[in-house]
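Peer 1: In our numbering, the protein residues as written are -5 to 169. Quick reminder that beta carbons are idealized off the backbone N, C-alpha and C, glycines included. Quick one: the structure is below, questions incoming.
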């Protein structure tokens, strides 16, 4: 290695080593906290009584502003701190259910068991997703509808008007 390249590499390494700028990952910063407002709910799958806590936004993201109150979750593992996902209004998420990406749960909806709502999916207006069900890819569950067991709702599909999707059923909006 010639002397010029070696000196440039040494200079770059020294610059990086002396850079005290704090490394911040805004996307990984917490976006919500659990408040002291709580409710107890009876888990329909196990008959266990669970305590769920209202959440409060800590920073702005999506349509949510810092300090906005959200819905209720059992623990921080129910809602990702990444993306614009949110549990709002009187939405409930508990047990091992998980909300991620840009998904939204609100309007008296509940998600529980090991269910997953992700991508840009929405569950609202008394929609319920539970067991091992998954709602994703811009799908919507609403209107007092149920998606459970190992059912999948995806690709812009809408489940509404008291529909029940269960078992290994797959509802695809644009297959």
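At what residues does the beta strand (DSSP E) containing residue 65 begin and finish?
Peer 2: 63 to 67 is the extent of the beta strand (DSSP E) around residue 65.
Peer 1: Just reading off the beta strand (DSSP E) that residue 53 is part of, what are its end residues?
Peer 2: Run containing residue 53: none; DSSP gives neither H nor E here.
Peer 1: Can you grab the Cα-Cα spacing for the pair residue 112 / residue 145, in whole Å?
Peer 2: Approximately 14 Å, taken between the alpha carbons.
Peer 1: Helix, strand or coil for residue 76? Go by DSSP, reduced to three states.
Peer 2: Coil, per DSSP.
Peer 1: Taking residue 59 as the reference, which of 78, 68 and 106 has the closest Cα?
Peer 2: The shortest Cα separation from residue 59 among 78, 68 and 106 belongs to 78.
Peer 1: Using a 10 Å radius around the Cβ and a threshold of 16 neighbouring Cβ atoms, would you call residue 40 buried or exposed?
Peer 2: It is exposed - the Cβ of residue 40 has fewer than 16 other Cβ atoms within 10 Å.
Peer 1: How would you call residue 166, buried or exposed, if buried means at least 16 neighbouring beta carbons within 10 angstroms?
Peer 2: With fewer than 16 other Cβ atoms within 10 Å, it is exposed.
Peer 1: Using a Cβ-Cβ cut-off of 7 Å (strictly less than) and excluding sequence neighbours within five positions of residue 157, which residues of its own chain qualify?
Peer 2: 139, listed in sequence order.
Peer 1: Run through the segment 102 to 150 for me and flag every whole beta strand (DSSP E) of 3 or more residues, listed as ranges in chain order.
Peer 2: As far as the segment 102 to 150 is concerned, its whole beta strand (DSSP E) runs of at least 3 residues are 146 to 148.
Peer 1: Are residue 29 and residue 50 closer than 7 Å when you measure CB to CB?
Peer 2: Yes. Within cutoff.
Peer 1: Give the single residue among 128, 95, 133 and 67 whose Cα lies nearest to the Cα of residue 102.
Peer 2: Of 128, 95, 133 and 67, the residue nearest in Cα terms is 67.
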